[in-house]
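FYI, numbering that gives the first Met the number 0 numbers position 23 of the sequence shown as 22, with every residue one higher than the one before it. Here's the structure, in structure tokens; my notes come after.
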Amino acid sequence: MITAKWCRKFTPPVQLDSLLVFARKIMLTREYVGKSAYKLLGENTKYWEIQLQDINNKAVNDLVDYIENTYNLPLRFDKSYVSIWEYGEGDELPPHVDPNISQSASVVVGLIGKFELYLNDHDTNEIIDTVTYTPPEAIILNNTVYKHSGKCVDNYRLGMLFSVDPTFNIRNWFND
């Protein structure tokens, strides 16, 4: 199955209300990055970033522990970060491959709204596969290897993204 190599969906045991409160506090107290700074963002898309080591939130830290222990993915490393991603009405994520600089893969947890994620052909951008997820579902995305895109289905989407250590061999992990 193609999905096994580029994206895996799972449902973590999360405290969704606590994660939403954490996300909202970050959104209200920190500057966001928008389209003018990052061209891959839709018109209404914003994200906020915080270093994982600076987070003192039980729900977030429990989620990181669960992912690291269950899936053997290193989320805690020097310069590891968490991003809060907000997509507005009509926002889409255009086809792209993320650089393997600050992460080797991403773990994304849905907080609000349905999101469709697509695997795109590297040359033509044709959609090859689709993974749809809704809160509290999460995905492990092989985003530094496979071209992907997506769209907000419910006119609003909030998600929490964790970076996987850039030195981690994600290709081997997805092949296991």
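Using N, Cα and C, we set each Cβ at its ideal position, and we do this for glycine too. Keep in mind the model is a prediction, meaning the values are calculated, not measured.
Pick helix, strand or coil for Arg170, following the three-state DSSP scheme. Along the sequence shown, read from residue 1 onward, the residue named residue 170 stands at position 171. In this structure, Arg170 counts as helix in the three-state DSSP scheme.
Considering only the beta carbon of each residue, do Asn142 and Ala104 sit closer than 8 Å? As a working mapping, residue 142 is identified with position 143 in the sequence shown. As a working mapping, residue 104 is identified with position 105 in the sequence shown. Closer than 8 Å, so yes.
Around the Cβ of Val20, are there at least 16 other Cβ atoms within 10 angstroms (buried) or fewer (exposed)? In the sequence shown, counting from the first residue as 1, residue 20 sits at position 21. When all chains shown are included, Val20 counts as exposed.
Span separating the alpha-carbon of His147 from that of Asp120: Counting from 1 along the sequence shown, the entry for residue 147 is found at position 148. Counting from 1 along the sequence shown, the entry for residue 120 is found at position 121. Roughly 8 Å between the two C-alpha positions.
Could you tell me the boundaries of the beta strand (DSSP E) in which Ser79 lies? As a position in the sequence shown, residue 79 is number 80, starting the count at 1. Here Ser79 belongs to no beta strand (DSSP E), and DSSP marks it neither H nor E.
In terms of residues, what are the limits of the alpha helix (DSSP H) holding Asn68? Against the sequence shown, residue 68 aligns to sequence position 69. Note, Asn68: alpha helix (DSSP H), Lys57 to Tyr70.
For Tyr80 and Asn99, the rounded distance between their alpha carbons: Counting from one through the sequence shown, the residue named residue 99 turns up at place 100. Counting from one through the sequence shown, the residue named residue 80 turns up at place 81. Approximately 14 Å between the Cα atoms of the pair.
From what residue to what residue does the alpha helix (DSSP H) around Ser17 run? Your numbering for residue 17 matches position 18 in the sequence shown. That run of the alpha helix (DSSP H) goes Leu15 to Thr28.
N-terminal and C-terminal residue of the beta strand (DSSP E) that Tyr145 is part of: The residue labelled residue 145 in the question sits at position 146 within the sequence shown. First-last for Tyr145: undefined, no H or E at that position.
Look at the alpha carbon of Val130 and the alpha carbon of Glu91, and state the distance between them as a whole number of angstroms. Reading the sequence shown from its first residue, position 131 is the one you call residue 130. Reading the sequence shown from its first residue, position 92 is the one you call residue 91. Straight-line Cα distance between these residues: approximately 15 Å.
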